[in-house]
Amino acid sequence: MADSDPNDKILQFSTIGSLMSGVHDGEFNTTDCLGPVYNFGLGCSDKVNAEVIIYDGVAYTGTAKEEVGVLDRADLSPFIQVMHFHTEGAMTAVGQPHHYYVLTEGESLTEENFHAFAQRYVRSENVFFGVCVKAVFPSVTVRRPQRIAKEESRTMLELAAQQQVDTYTDQEGVIVGLYTPEVFGRLSVPGFHFHFITADRREGGHVLKFQIDKETKAEVRLEEKRRIEVVLPTSDDFRQGKVDLQLLDGVIHKVEK
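Numbering (the numbering used here), first residue to last: 847 to 1103.
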């Protein structure tokens, strides 16, 4: 089969299963792959010290008790997902199939009903698609991990118990997300995985809840991705790691949902 458009691909380092199982040391240089093709995505930083939000080719970091930072070439990630995404312009001008551009008005959207909303356009639960939502959000709740030292370690359940949770009201910003079909739920976060960055780039993190009310105008973009390329870690932690699949599914649901 001939190689298809790179704009139609998700590039992923490691798996959500490995991350949830404790493979937290950074190995992938995210900034080296960012550019005209890979300009959008999400993941985490070394030791899961930050949630990573990739928007318009910049990898922002959200850490508890810190302002948003930016990854540089010295920063390595243990889990990352990047893709090409059209964040500006009308989708009809792009000329790509399976790209959807919606201006909402008079409709309430939350993390709970977004699946039904997206399915009006995508009409399939078996494809990956990127999500970009721009709005002045009446409410958005995000979490950010606490920073630990390089020599320290923790489980994902310990990390989740120590995270900082903040709710912002009437906050302009962008949700960056990815939908993963359930069948790929140990490769990537099953269902929707959302991160958020404020318009002033001062706050950001993993989305727990969001609200768009009927009075809010929101710009929603959905782009299907037909391919996913996974680059695996080379560390001994990954190569020799043992995964309890039953426990893993519970950890993913508790930590990422």
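Using N, Cα and C, we set each Cβ at its ideal position, and we do this for glycine too. Since the structure is predicted, the reported quantities are computational estimates derived from the model, not experimental observations.
A straight-line Cα-Cα distance of about 26 Å links G1051 and V1029.
Using a 10 angstroms sphere on the CB of A896, the tally of other CB atoms reaches 16 or more, which defines it as buried. Contact between the stretch 962-973 and the stretch 885-904 is absent: fewer than 3 CB-CB pairs across the two stretches fall below 8 Å. Between P1027 and S864 the beta-carbon gap is near 19 Å, outside 8 Å, which marks them as no contact. Taking C-beta atoms as the reference points, V982 and E934 fail to come closer than 8 Å. Sixteen is the threshold: when 16 or more other Cβ atoms of the shown chains lie within 10 Å of the Cβ of H930, as they do, the residue is buried. In chain order, K1060 place their CB closer than 7 Å to the CB of E953, counting only its own chain and leaving out the 5 sequence neighbours on each side. In this structure, the beta-carbon distance from A1064 to T877 does not fall below 8 Å.
With a threshold of 16 other beta carbon atoms within 10 Å, L888 meets it and is buried. In this structure, L1054 is the residue among L1054, L1033 and G868 with its C-alpha nearest to the C-alpha of H1041.
The alpha-carbon separation between Q1057 and V979 amounts to approximately 12 Å. Between the alpha carbons of K996 and D871 lies a distance of about 9 Å.
Secondary structure at R966: helix, using DSSP grouped into helix, strand and coil. Between the alpha carbons of T1015 and Y946 lies a distance of about 27 Å.
Distances from the alpha-carbon of V1022 to those of D921, V894, L1033 and V1066 put V1066 closest. Comparing alpha carbon positions, the residue from V1020, K1100 and F874 closest to R1047 is V1020. If you look at S985, you'll find it in the beta strand (DSSP E) that goes F974 to R990. Measuring C-alpha to C-alpha distances from E1049 to each of D854, G881 and T909 identifies T909 as the nearest.
Distance from the CA atom of H944 to the CA atom of D854, rounded to whole angstroms, is 10 Å.
Minimum Cα-Cα distance from S867 among the listed residues G915, T1001 and T1044 corresponds to T1001.
For the 8 Å CB-CB criterion, V1035 and E1102 form a contact.
Judged by DSSP in its simplified three-state form, T907 adopts strand.
For the pair V1089 and D918, the Cα-to-Cα distance works out to about 31 Å. The residue among T1044, L1033 and F1038 with its C-alpha nearest the C-alpha of S985 is T1044. Of the residues F886, I1098 and F1084, the one whose Cα lies closest to the Cα of I856 is F886. The beta-bridge partner set that DSSP reports for L1078 is empty.
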